[in-house]
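Structure first, commentary second.
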Amino acid sequence: MKDIFAEFYNKVIGFFRRTEEAEESSKDVARNRLRVVLMQDRTNLTPELMEKMRKELIELLSKYVEMDKEALELNLEQEGDQMALMLSIPVLRAKEESEITAEDEASDEKTEETEEDSDNTDAEESSDETADDEEELSVEDDSDDDSDDEDEFENDACDCGKCEKCNPKNKKK
Amino acid sequence: MSGRVIVITSGKGGVGKTTTNANIGTALARAGKKVVMIDTDLGLRNLDLLLGLENRIVYTIVDVVEGRCKLKQALVKDKKNPNLCLLAAAQTRDKSAVTEEQLKEICEELQKDYDFILVDCPAGIEQGFQNAVAGASEAIVVTTPEMSAVRDADRIIGLLEAKEEIKSYKLLINRVRPNLIKSNDMMSVDDVVEILSADLIGIIPEDTGIITSTNKGEPIVNDEKSLAGKAYNNVARRIIGEDVPFLNLEEETSVMAKVKKFFSGLVGKEK
Numbered sequence: 583m584k585d586i587f588a589e590f591y592n593k594v595i596g597f598f599r600r601t602e603e604a605e606e607s608s609k610d611v612a613r614n615r616l617r618v619v620l621m622q623d624r625t626n627l628t629p630e631l632m633e634k635m636r637k638e639l640i641e642l643l644s645k646y647v648e649m650d651k652e653a654l655e656l657n658l659e660q661e662g663d664q665m666a667l668m669l670s671i672p673v674l675r676a677k678e679e680s681e682i683t684a685e686d687e688a689s690d691e692k693t694e695e696t697e698e699d700s701d702n703t704d705a706e707e708s709s710d711e712t713a714d715d716e717e718e719l720s721v722e723d724d725s726d727d728d729s730d731d732e733d734e735f736e737n738d739a740c741d742c743g744k745c746e747k748c749n750p751k752n753k754k755k
Numbered sequence: 242m243s244g245r246v247i248v249i250t251s252g253k254g255g256v257g258k259t260t261t262n263a264n265i266g267t268a269l270a271r272a273g274k275k276v277v278m279i280d281t282d283l284g285l286r287n288l289d290l291l292l293g294l295e296n297r298i299v300y301t302i303v304d305v306v307e308g309r310c311k312l313k314q315a316l317v318k319d320k321k322n323p324n325l326c327l328l329a330a331a332q333t334r335d336k337s338a339v340t341e342e343q344l345k346e347i348c349e350e351l352q353k354d355y356d357f358i359l360v361d362c363p364a365g366i367e368q369g370f371q372n373a374v375a376g377a378s379e380a381i382v383v384t385t386p387e388m389s390a391v392r393d394a395d396r397i398i399g400l401l402e403a404k405e406e407i408k409s410y411k412l413l414i415n416r417v418r419p420n421l422i423k424s425n426d427m428m429s430v431d432d433v434v435e436i437l438s439a440d441l442i443g444i445i446p447e448d449t450g451i452i453t454s455t456n457k458g459e460p461i462v463n464d465e466k467s468l469a470g471k472a473y474n475n476v477a478r479r480i481i482g483e484d485v486p487f488l489n490l491e492e493e494t495s496v497m498a499k500v501k502k503f504f505s506g507l508v509g510k511e512k
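Chains F and Y, in that order, give the protein sequences. The first sequence lines up with residues 583 to 755 when you count with our numbering. The second sequence lines up with residues 242 to 512 when you count with our numbering.
Set out below in structure tokens:
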């Protein structure tokens, strides 16, 4: 008898849950989380590396399209025996050719300005956070530190579409 | 005679390796096979408890390896089934007391006289695992439909695939709870099989009877009425080579389904 009541109760509650929230079930959450974590286990692609790849892709692609950077999804997925890297980019607007070339020129100038910075980050990546200078505040350094994703997005997101100009390191200089 | 050496492993602890070992071993012996179980969990032995043999152990695997007794002397016969015996682990030593080579030799020796040698593997992927796997040519990977157990099983499968000696491995999903699966609060057997992409050899439902059977030191396969016991018996039959369909756990557990089945049975008879 107890079983029947329990089942009935679960059904009623389950019905309301489904209609109210239409959330994915805890089983689906588990399955999806597990898929992701196994993918990482099998490939040795750490979350930090994925985040780094994500940021670099955003940097590269934002030269050509204006996109919703926070909604950009980069996931490893299993398709049968094959592993696939799935990239979904919500495009807000494709950029004009003139904009792209203008940005190219701008970034050429930028490289001269920031050369010192980028040299420094390269060195740090290879030597695993040895340098304790103030340059550690640069965006690239944040990407190595997976604990503050939120901050990264804030640093990253900018209204002008030309990220480089909103970088905190530039502001500080 | 050249017996089959099967290692029962899982990666994660507490998923039911030892329970599985005790039950499959007992079921195989009940089917008339000569079975020896080796507990390789040195320092944390438990297989003796599940079989109710804890008071009969005189010599352990370490005594055999260190030459204090002959292999045959160390084998403890089961209380009920003369086909079944246990080579116990030492409780006072650590995993380094036995080497891979030594375990291999023991398995080879036992293969001459027994149909099945079941090796109970310790949790983890360190030396204890390497030792347990050393003499085996087949493996049963025990997991439950929980994330952590499945993840560890995936790791174990990766390690087993890298071992040349392991010719085949099968998946046993333990502690399945049909009600939770039905309400979408537990991954289903199909989900786990798909994620691990391994062949299935058994689905064991969660059964409170396991606790009481452990209390008594009597494997649940001896209880004809128990669902988990039936499921373990089926695993043993599959190991022997019989083609046994998997139990339909949902049907067995849900009251409504039983009622439906009863009525459909009546209708069937009338026709």
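Every residue gets a Cβ at the ideal spot worked out from N, C-alpha and C, and that includes glycine.
Run down chain F in chain order and give the residues with a C-beta less than 7 Å from the C-beta of residue i.
i: V391(Y); result: L616
i: D440(Y); result: Neighbours of D440(Y) on chain F: none; closest Cβ ~15 Å, over 7 Å.
i: M388(Y); result: A612, R615, L616
What does the alpha-carbon distance come out to for the pair residue i and residue j?
i: G450(Y); j: A330(Y); result: 26 Å
i: G266(Y); j: I442(Y); result: 15 Å
i: V430(Y); j: K318(Y); result: 36 Å
i: L627(F); j: K634(F); result: 11 Å
i: E606(F); j: D426(Y); result: 10 Å
i: N264(Y); j: N287(Y); result: 13 Å
i: S514(Y); j: A612(F); result: Here chain Y has residues from 242 to 512 only, and residue 514(Y) is not among them.
i: I422(Y); j: K609(F); result: 8 Å
i: A284(Y); j: T340(Y); result: Position check: residue 284(Y) holds Gly in this sequence, whereas Ala was assumed. Cα to Cα, the separation comes out at about 15 Å.
i: L667(F); j: E641(F); result: 18 Å
i: F587(F); j: D440(Y); result: 37 Å
i: I358(Y); j: S337(Y); result: 22 Å
i: D726(F); j: P629(F); result: Confidence is the limiting factor: at D726(F) the pLDDT is only 41, short of 50, which leaves the residue's position unreliable, though a coordinate-based value still follows. Their Cα atoms are separated by approximately 10 Å.
i: G458(Y); j: D280(Y); result: 16 Å
i: I682(F); j: Y646(F); result: 6 Å
i: L488(Y); j: A377(Y); result: 28 Å
I'd like the list of long-range same chain contacts for residue i, defined as Cβ closer than 7 Å, with 5 residues on each side in sequence excluded.
i: K404(Y); result: V374
i: D395(Y); result: L437
i: A477(Y); result: I265, A268, L269, A272
What does residue i pair with, by DSSP beta-bridge criteria?
i: L316(Y); result: L328(Y)
i: R245(Y); result: F357(Y)
i: I279(Y); result: L328(Y), V360(Y)
i: L658(F); result: L667(F)
i: V647(F); result: A676(F)
For residue i, which residues in chain Y fall below 8 Å Cβ to Cβ?
i: V594(F); result: Neighbours of V594(F) on chain Y: none; closest Cβ ~12 Å, over 8 Å.
i: D623(F); result: R392, D395, R396
Please list the terminal residues of the continuous alpha helix (DSSP H) segment that includes residue i.
i: D623(F); result: 608-625
i: T384(Y); result: First-last for T384(Y): 379-384, but that is the beta strand (DSSP E), not the alpha helix (DSSP H).
i: N415(Y); result: Element bounds for N415(Y): not the alpha helix (DSSP H) but the beta strand (DSSP E), 409-417.
i: I397(Y); result: 388-402
i: V434(Y); result: 430-437
i: M635(F); result: 629-643
i: A469(Y); result: 468-481
i: L674(F); result: Unbroken run through L674(F) is the beta strand (DSSP E), 673-676; no alpha helix (DSSP H).
List the residues of chain F whose Cβ lies closer than 8 Å to the Cβ of residue i, in chain order.
i: N415(Y); result: Those do not exist, as N415(Y) stays about 17 Å from chain F at its closest Cβ, beyond 8 Å.
i: D432(Y); result: K609, R613
Ordered along the chain, which non-local residues of its own chain (more than five positions away) have a Cβ less than 6 Å from that of residue i?
i: K275(Y); result: N324, Y355, D356
i: A390(Y); result: K253, V256, T384
i: K593(F); result: none
i: A364(Y); result: G254
i: S670(F); result: E655
Would you mind telling me which residues of chain F sit closer than 9 Å to residue i, beta carbon to beta carbon, in chain order?
i: M427(Y); result: S608, K609, A612
i: I436(Y); result: R613, L616, R617, L620, Q660
I'd like the span of the beta strand (DSSP E) that includes residue i, first residue to last.
i: G446(Y); result: The question names Gly, but residue 446(Y) is Pro in the sequence shown. Per DSSP, P446(Y) belongs to the beta strand (DSSP E) from 441-446.
Can a CB atom of chain A be found closer than 9 Å to the CB of residue i?
i: E589(F); result: In the structure shown, chain A cannot be found, because the protein chains are F and Y.
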